[in-house]
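Peer 1: The structure is given below, and queries will be raised subsequently.
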Amino acid sequence: MLIKRIDHPIICVRDRKPMVAAFKRVLELEPLHARDGDEWGFSNAEIAVGDGLIGVVEPAGADSQLHRFLAAHGEGFYAMAVDVGGDEGLKAAGAHLAAIGAPIREAKRDGVTRLLWLPPRAACGVLYQVTPGMEQHPGTNPLYKGVTEYVVAVPDAQAAVAQGVLDAVADGTIPQGEVDDLGLIAAVWVDWAANDEERIFANNLEATRAALASAAEGRPRLEELLAIRGEPQNPFFRRA
Numbered sequence: 063m064l065i066k067r068i069d070h071p072i073i074c075v076r077d078r079k080p081m082v083a084a085f086k087r088v089l090e091l092e093p094l095h096a097r098d099g100d101e102w103g104f105s106n107a108e109i110a111v112g113d114g115l116i117g118v119v120e121p122a123g124a125d126s127q128l129h130r131f132l133a134a135h136g137e138g139f140y141a142m143a144v145d146v147g148g149d150e151g152l153k154a155a156g157a158h159l160a161a162i163g164a165p166i167r168e169a170k171r172d173g174v175t176r177l178l179w180l181p182p183r184a185a186c187g188v189l190y191q192v193t194p195g196m197e198q199h200p201g202t203n204p205l206y207k208g209v210t211e212y213v214v215a216v217p218d219a220q221a222a223v224a225q226g227v228l229d230a231v232a233d234g235t236i237p238q239g240e241v242d243d244l245g246l247i248a249a250v251w252v253d254w255a256a257n258d259e260e261r262i263f264a265n266n267l268e269a270t271r272a273a274l275a276s277a278a279e280g281r282p283r284l285e286e287l288l289a290i291r292g293e294p295q296n297p298f299f300r301r302a
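Each residue of the sequence shown is one higher than the one before, starting from 63 at the first, in our numbering.
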């Protein structure tokens, strides 16, 4: 897979200073650092979010392409930066995109390609900045684990719930004749540190089967729930 992770979204504004101040005032997000002008016609600020960042850019110089963007679209979302895994990943991405005829544009610094731009017409209306990956910094939210954990965890938990439901139908826990009249709401808890796809799948499959079996038997019973009504808890919360 060419893309390893979502690196950062990019917002384009006429003046980044009020935007940086708004991020700090409203969302309590701090700027990491800023760059005043470059050979690409950008001035930017990087806002810390968890293990990633939000990029804020403004035009630098009269010829900046950002002037055309702002004239056509106004301030707002500009592009999505994606990490292809280092310099070798950038070379591989460039070779792949060139081979399929994608209209990429190289951004060079000191004669070396540092970024690739994939225009909206080639990628479903979104401008992509293809990057070897920006340096990651500790952000303002220590509980935030980044996008990568969810890329691993969510599909496996979802597949496990689906498999558990089908198993319950196959073994008669859920009568086949009632399937069209039933609905399922599943609240799935996945540990922040979970990164083993097979264990995520197995644990959620077991939990789904157990929950459906309990429901079929009418458990937990109302008197059991009433007895513990003052003690709400889950793996991430327990009332002191």
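Glycine is no exception: its CB is placed at the ideal position from the N, C-alpha and C atoms. Since the model is a prediction, treat every value here as computed from it, not as a measurement.
Fully enclosed by the segment 63-145, which alpha helix (DSSP H) runs are 4 residues long or longer?
Peer 2: 78-89, 127-135
Peer 1: State the start and end residues of the unbroken alpha helix (DSSP H) segment that holds ALA169.
Peer 2: Unbroken run through ALA169 is the beta strand (DSSP E), 167-171; no alpha helix (DSSP H).
Peer 1: For LEU132 versus CYS186, is the C-beta distance shorter than 8 Å?
Peer 2: no
Peer 1: Tell me the DSSP secondary structure of LEU152 in three-state form.
Peer 2: helix
Peer 1: Mind checking which residues open and close the beta strand (DSSP E) that includes LEU284?
Peer 2: Per DSSP, LEU284 lies in no beta strand (DSSP E); the unbroken alpha helix (DSSP H) holding it starts and ends at 284-289.
Peer 1: Just the Cα atoms here: how many angstroms apart are ALA124 and ALA96?
Peer 2: 20 Å
Peer 1: Using the DSSP secondary-structure output, state which residues sit across from VAL192 in a beta bridge.
Peer 2: VAL144, LEU178
Peer 1: Assuming ALA169 contacts TRP102 (C-beta within less than 8 Å), just tell me the rounded distance between them.
Peer 2: 6 Å
Peer 1: Rounded to whole angstroms, what is the Cα-Cα separation between VAL82 and VAL118?
Peer 2: 8 Å
Peer 1: Taking the straight line between their C-alpha atoms, what separation do you get for PRO294 and ILE262?
Peer 2: 24 Å
Peer 1: Relative to the alpha-carbon of LEU64, which residue among ARG130, GLY226, LEU152, GLY292 has its alpha-carbon at the smallest distance?
Peer 2: Minimum Cα distance to LEU64 is reached at LEU152.
Peer 1: Tell whether a beta-carbon distance below 8 Å holds between ALA122 and PHE104.
Peer 2: yes
Peer 1: State buried or exposed for ARG78, treating a residue as buried only when at least 16 other CB atoms are found within 10 Å of its CB.
Peer 2: ARG78 should be labelled buried.
Peer 1: Using CA coordinates, which residue listed in PRO71, ARG271, LEU244, GLU240 is at the minimum distance from ALA219?
Peer 2: Ranking PRO71, ARG271, LEU244, GLU240 by Cα distance to ALA219 puts ARG271 first.
Peer 1: Rounded to the nearest angstrom, how far is the Cβ of HIS70 from that of GLY114, given a contact under 8 Å?
Peer 2: 6 Å
Peer 1: Alpha carbon to alpha carbon, how far is LEU228 from VAL250?
Peer 2: 17 Å
Peer 1: Could you compute how far the alpha carbon of ASP172 sits from the alpha carbon of GLN127?
Peer 2: 20 Å
Peer 1: So, with DSSP's three-state summary, where would you put GLU279?
Peer 2: coil
Peer 1: Of all the options PRO80, GLU259, PRO237, which has the alpha carbon lying nearest to the alpha carbon of ALA107?
Peer 2: ALA107 has its Cα closest to that of PRO80, out of PRO80, GLU259, PRO237.
Peer 1: Report the rounded CA-to-CA distance for ALA84 versus GLU92, giving the unit in angstroms.
Peer 2: 10 Å
Peer 1: At the level of alpha carbons, what is the spacing between LEU141 and ILE116?
Peer 2: For the record, residue 141 in the displayed sequence is Ala; it is not Leu. ALA141 and ILE116: Cα-Cα distance of roughly 11 Å.
Peer 1: With burial defined as no fewer than 16 other Cβ atoms inside 10 Å of the residue's Cβ, what is the status of ARG76: buried or exposed?
Peer 2: exposed
Peer 1: In three-state DSSP terms, what is ALA221?
Peer 2: helix
Peer 1: Please confirm whether any heavy atom of the ligand NAP lies closer than 7 Å to the CB of TRP102.
Peer 2: Among the components modelled here there is no ligand, and therefore nothing to report on the ligand NAP.
Peer 1: If we count the other Cβ atoms within 10 Å of its Cβ and call it buried at 16 or more, is GLU120 buried or exposed?
Peer 2: buried
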